[in-house]
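Enquirer:
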Amino acid sequence: MEPCGGEKVIDLNTMAEIPEEKDLLKQLQGPPSRSVIAPQPNRPLGSSISVGSIDENTSLTSPMQVPKTPEEVEEEVESEALPAVISDSNSKVRQANSAYKEMAGQPECPWLDSMVTGKEKPEATHAREYEGK
Numbered sequence: 001m002e003p004c005g006g007e008k009v010i011d012l013n014t015m016a017e018i019p020e021e022k023d024l025l026k027q028l029q030g031p032p033s034r035s036v037i038a039p040q041p042n043r044p045l046g047s048s049i050s051v052g053s054i055d056e057n058t059s060l061t062s063p064m065q066v067p068k069t070p071e072e073v074e075e076e077v078e079s080e081a082l083p084a085v086i087s088d089s090n091s092k093v094r095q096a097n098s099a100y101k102e103m104a105g106q107p108e109c110p111w112l113d114s115m116v117t118g119k120e121k122p123e124a125t126h127a128r129e130y131e132g133k
């Protein structure tokens, strides 16, 4: 209808627009859509480590070394300011210090460690395994 006196007039006798109904259940039960966006990791999945000799003493006679306990090795590696890792005989990384985790972009999550082990570990032994057991 035409506006009367500048106001829009609504005629209640005309047919109202009926919204189109869509069957969304068919879409949910159908095959999955290919337009789903999967999150992409923002950290590298691996890293390469080059190892070189830093020992300037080239003599074959070396002082007797006393074996260390795993806890002593963990404390020594964690106290390093530079990134450090501990690997097994198969060259698989078993532990990395905080400096390496920071360099690689892995946040420290003590609450996550307590979820895995079931107990809170002291801050002094903050080095954790880089790859899960």
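Residue numbers for the sequence shown follow this note's numbering, beginning at 1 and rising by one. Virtual Cβ for every residue (Gly too), placed ideally from N, Cα, C.
1) Identify every residue that forms a DSSP beta bridge with valine 73.
2) Beta-carbon within less than 6 Å of proline 83's beta-carbon, same chain only, minus the 5 sequence neighbours each way: which residues are those?
3) Please give the ranges of any alpha helix (DSSP H) in the region 75 to 107, keeping only runs that are unbroken, at least 4 residues long and fully inside the region.
4) Between the beta-carbon of valine 85 and the beta-carbon of valine 93, is there less than 7 Å?
5) If we ignore side chains and look at the alpha-carbon of each, how far apart do aspartate 11 and proline 19 end up?
Expert: Inspection of the coordinates gives the following:
1) The sequence position of residue 73 within the sequence shown is 73, counting from 1. The partner list for valine 73 (beta bridge, DSSP) is empty, contrary to what the question assumes.
2) What you label residue 83 is simply residue 83 of the sequence shown in a count that begins at 1. Hits under 6 Å: Ala99, Tyr100 and Met103.
3) 98 to 104
4) Here residue 85 refers to the residue found at position 85 when the sequence shown is read from its first residue. Here residue 93 refers to the residue found at position 93 when the sequence shown is read from its first residue. A contact, by the Cβ cut-off of 7 Å.
5) For the purposes of this step, residue 11 is taken as the residue at position 11 of the sequence shown. For the purposes of this step, residue 19 is taken as the residue at position 19 of the sequence shown. In a straight line, the C-alpha of aspartate 11 is about 19 Å away from that of proline 19.
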